[in-house]
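Student: Chains as they are written, first to last, in this note's numbering: chain A, -8 to 98; chain B, 228 to 637.
Take this structure, written in structure tokens, and hold onto it; I'll ask about it next.
This is the structure in structure tokens:
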């Protein structure tokens, strides 16, 4: 079972060196214990482009699809047996990156 | 067997077997929705058939077999039998069968799943009442004053989340157990409290159906986890409060304060059972949690034949113990009420005034202040405090009590 574990941020700052070190250590653990699928940090929401090609031609819009104070700053995709395991991992992830986390199951 | 007897047998089977049937079907089919629907159909079949066929010798087995058949019918009807069964196995049958211990009951799995921390508290309450308590969606909707469709959606969404996010159907590991048990007890206490002092202006001031359901479910957990002190504590607490139910509201629908209650009207059997549980916990010699301390406080109150015989120093000592566990302003407020009896209203009032920042929006804060000011003869201030309390109190019997007290001020 895979879960999308999103990092929710409301500050402009990137991870500090201490946070980066904690994230790396946490990632190593995910790999050793077989929970790792993929992870990545994202550039600022202002760097996003929204594309809509449902009509005649593709429309490009500068900026994220949703303007909000909180935004997606990065994510993990984790393999976990059930939600209890995923929530435990996510709680550690939140500690490591020092940010709020959302856990959402894949279909 | 008369029709009345059959109806009683069905009610009794519903109380005793509903959770068992839902739990065993959830285990087998890996789907709360199928389990709930099939259980409901099995009970509906019992209502149709038992009056004519007679009550089966083993109602629980009859209901489980019937529900199993209903579930299989539904799965066949949906023509998804293989998918469902595969899914069921994938979801729930990966554990090897566990040894049968005190804690290994399928109903416990059901309770822990319904009270999972990833569900909102109001959802946990609704789901527990439906799946474990066997209340209908419309009964739960009425209990919490929401539309039936809204309550139905809440429960449907919760079942969908449990499935999609794979909330596990199991008793938590020993390491997580204390926190998860206290989550379950919080749900039951919330149900009890809504019954004990209903919040709505359009409902009975005391909802005996809810207090009775909460006690019934707490008894079930107590039977499943007999060694847990807080479970025993919560059951004792509920019994000692419930014992005073009929004395708590006057004939005119007004709340009767503890010091004015007719103690002869208290339920002696419930008090005896509550006291027994409290004594059992004291003898265990383990540091008590908050429900055990609250139960002990209520044991002191219910031990006094007359309010003047109340051992207030004992009550204050217990509140001191509770403050160390739970330094919340509400505990401090209740402690001050006991302090008023021991050290006088002046001392209590000083303690309460320090809580204003945190409790200014809470009706009991103003009601307590009003009472202390009244006892100190400061009528004008008391009147203002009663007004504040009346404005915030949601319970009709409590409002009636506060109004009388206010209008009696000189």
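From the three backbone atoms N, C-alpha and C, an ideal C-beta is built for every residue, glycine too.
Kindly list, in the order they appear in chain A, the residues whose Cβ is closer than 9 Å to that of residue 660/B.
Tutor: Limits of chain B in this structure are 228 at one end and 637 at the other, which puts residue 660/B out of reach.
Student: For residue 521/B versus residue 625/B, is the C-beta distance shorter than 9 Å?
Tutor: Taking the second chain and counting its residues from 1, the one referred to as residue 521/B is at position 294. Taking the second chain and counting its residues from 1, the one referred to as residue 625/B is at position 398. Not closer than 9 Å, so no.
Student: Applying the criterion that 16 or more other CB atoms from any shown protein chain within 10 Å of the CB defines a buried residue, is residue 14/A buried or exposed?
Tutor: Here residue 14/A refers to the residue found at position 23 of the first chain. Classification for residue 14/A: buried.
Student: Could you please tell me which residues of the segment 333 to 353 of chain B, in chain order, have their CB closer than 7 Å to any CB of chain A?
Tutor: 345
Student: By the 10 Å Cβ neighbour count, where 16 or more other Cβ atoms means buried, how is residue 329/B classified, buried or exposed?
Tutor: Translated into the one-based positions of the second chain, residue 329/B becomes position 102. Note that residue 329/B scores a pLDDT of 38, beneath 50, so its modelled location is shaky; the value from the coordinates is reported in the next line. Result: exposed.
Student: Tell me the start and end of each unbroken alpha helix (DSSP H) in the segment 480 to 563 of chain B that is at least 4 residues and wholly inside, in chain order.
Tutor: Runs of the alpha helix (DSSP H) inside the segment 480 to 563 of chain B: 495 to 511, 517 to 530, 539 to 552.
Student: Taking DSSP as the reference, what is the three-state secondary structure of residue 396/B?
Tutor: Locating residue 396/B in the second chain gives position 169, where the first residue counts as 1. Three-state result, residue 396/B: coil.
Student: Going straight from the alpha carbon of residue 621/B to that of residue 480/B, what length do you get?
Tutor: Position 394 of the second chain holds residue 621/B. Position 253 of the second chain holds residue 480/B. In a straight line, the C-alpha of residue 621/B is about 14 Å away from that of residue 480/B.
Student: Just to confirm the assignment: which complete alpha helix (DSSP H) runs, minimum length 4, are found wholly within the segment 341 to 424 of chain B?
Tutor: 348 to 354, 364 to 370, 375 to 391, 404 to 423
Student: Excluding sequence positions up to five away, which residues of its chain have a Cβ less than 6 Å from the Cβ of residue 268/B?
Tutor: On the second chain, position 41 is the one that residue 268/B refers to. Within the same chain, residue 268/B has close Cβ partners 297.
Student: List the endpoints of the continuous beta strand (DSSP E) containing residue 465/B.
Tutor: Numbered from its first residue, the second chain carries residue 465/B at position 238. First-last for residue 465/B: 456 to 469, but that is the alpha helix (DSSP H), not the beta strand (DSSP E).
Student: What distance in whole Å lies between the Cβ atoms of residue 494/B and residue 470/B, which are believed to be in contact at a cut-off of 8 Å?
Tutor: Walking along the second chain from the start, residue 470/B turns up at place 243. Walking along the second chain from the start, residue 494/B turns up at place 267. Yes, residue 470/B and residue 494/B are in contact; Cβ-Cβ is about 4 Å, under 8 Å.
Student: Quick check on residue 321/B: buried or exposed, where buried means 16 or more other Cβ atoms within 10 Å of its Cβ?
Tutor: Position 94 of the second chain, counting from 1, holds the residue named residue 321/B. Annotation note: pLDDT 44 at residue 321/B (below 50); position unreliable, coordinate value reported separately. Answer is exposed; the Cβ neighbour count stays below 16.
Student: Could you check the C-alpha separation between residue 574/B and residue 567/B for me, to the nearest Å?
Tutor: One-based indexing of the second chain puts residue 574/B at position 347. One-based indexing of the second chain puts residue 567/B at position 340. Those two C-alpha atoms are separated by around 7 Å.
Student: DSSP state of residue 32/A, grouped into three classes?
Tutor: What you label residue 32/A is simply residue 41 of the first chain in a count that begins at 1. Residue state, collapsed to three classes: strand.
Student: Would you call the CB atoms of residue 395/B and residue 350/B closer than 9 Å?
Tutor: The residue you call residue 395/B lines up with position 168 of the second chain. The residue you call residue 350/B lines up with position 123 of the second chain. Not in contact: residue 395/B and residue 350/B (Cβ atoms no closer than 9 Å).
Student: Are the segment 250 to 260 of chain B and the segment 281 to 298 of chain B touching, with three or more C-beta to C-beta distances below 8 Å?
Tutor: yes
Student: How long is the line joining the alpha carbons of residue 407/B and residue 80/A, rounded to whole angstroms?
Tutor: Mapped onto the second chain, residue 407/B falls at position 180. Mapped onto the first chain, residue 80/A falls at position 89. Residue 407/B and residue 80/A: Cα-Cα distance of roughly 18 Å.
Student: Residues in its own chain within less than 7 Å of residue 83/A by CB, not counting five upstream and five downstream?
Tutor: Along the first chain, read from residue 1 onward, the residue named residue 83/A stands at position 92. Correct list, in chain order: 17.
Student: Go ahead and pull the three-state DSSP assignment for residue 49/A.
Tutor: Stepping through the first chain from its first residue, residue 49/A is reached at position 58. Coil at residue 49/A, not helix or strand.
Student: When you check each C-beta in the segment 385 to 411 of chain B against every C-beta of chain A, which residues fall closer than 7 Å?
Tutor: 391, 392, 393, 394, 395
Student: My output table needs one value for residue 426/B: the three-state DSSP class, helix, strand or coil.
Tutor: The count along the second chain starts at 1 and reaches residue 426/B at position 199. Residue 426/B falls in the coil class under three-state DSSP.
Student: Buried or exposed: where does residue 231/B fall if 16 or more other Cβ atoms within 10 Å of its Cβ makes it buried?
Tutor: As a first step, residue 231/B is located in the second chain; it is residue number 4 there, counting from the start. Exposed is the call here.
Student: By a C-beta neighbour count over all protein chains shown, 10 Å radius and 16 as the cutoff for buried, is residue 5/A buried or exposed?
Tutor: Indexing the first chain from 1 puts residue 5/A at position 14. The residue is exposed, with fewer than 16 neighbouring Cβ atoms inside 10 Å.
Student: Thinking C-alpha only, which one of 461/B, 502/B, 272/B is nearest residue 517/B?
Tutor: Start at 1 with the first residue of the second chain, and residue 517/B comes out as number 290. Closest by alpha carbon: 461/B.
Student: Is it the case that the Cβ atoms of residue 270/B and residue 262/B are separated by a distance below 9 Å?
Tutor: For the purposes of this step, residue 270/B is identified with residue 43 of the second chain, where counting begins at 1. For the purposes of this step, residue 262/B is identified with residue 35 of the second chain, where counting begins at 1. Against a cut-off of 9 Å, the Cβ pair of residue 262/B and residue 270/B comes out as no contact.
Student: Assuming contact is defined by CB atoms lying nearer than 9 Å, are residue 442/B and residue 466/B in contact in what I supplied?
Tutor: Taking the first residue of the second chain as 1, we reach residue 442/B at position 215. Taking the first residue of the second chain as 1, we reach residue 466/B at position 239. Cβ atoms of residue 442/B and residue 466/B: closer than 9 Å.
Student: Compare the C-alpha of residue 53/A against each of 62/A, 40/A, 59/A and name the closest.
Tutor: As a position in the first chain, residue 53/A is number 62, starting the count at 1. Comparing Cα-Cα distances from residue 53/A to each of 62/A, 40/A, 59/A, the minimum goes to 40/A.
Student: Between the alpha carbons of residue 565/B and residue 553/B, how many angstroms are there, rounded?
Tutor: Your numbering for residue 565/B matches position 338 in the second chain. Your numbering for residue 553/B matches position 326 in the second chain. Going by the C-alpha atoms only, they are around 17 Å apart.
Student: Cβ atoms of residue 446/B and residue 398/B: under 9 Å apart, would you say?
Tutor: Looking up residue 398/B in the second chain gives position 171. Looking up residue 446/B in the second chain gives position 219. No; because the gap between Cβ atoms is not below 9 Å, this pair is not in contact.
Student: Grab me the residues of residue 572/B's own chain with a C-beta within less than 6 Å of its C-beta, minus the 5 sequence neighbours each way, in chain order.
Tutor: Position 345 of the second chain, counted from the first residue, corresponds to residue 572/B. These residues qualify, in order along the chain: 599, 602, 603.
Student: Please check the pair residue -6/A and residue 97/A, which I expect to be a contact at CB under 8 Å, by giving their CB distance rounded to whole angstroms.
Tutor: Within the first chain, the letter at position 3 stands for residue -6/A. Within the first chain, the letter at position 106 stands for residue 97/A. That belief holds up - the Cβ atoms of residue -6/A and residue 97/A are roughly 7 Å apart, short of 8 Å.
Student: Would you call the segment 237 to 248 of chain B and the segment 30 to 37 of chain A in contact, with 3 or more CB pairs under 8 Å?
Tutor: no
Student: Applying a beta-carbon distance threshold of less than 9 Å, which residues of chain B neighbour residue 78/A?
Tutor: As a first step, residue 78/A is located in the first chain; it is residue number 87 there, counting from the start. 344, 345, listed in chain order.
Student: Assign residue 615/B to one of two classes, buried (16 or more other C-beta atoms within 10 Å of its C-beta) or exposed (fewer than that).
Tutor: Counted from its first residue, the second chain places residue 615/B at position 388. So residue 615/B counts as buried.
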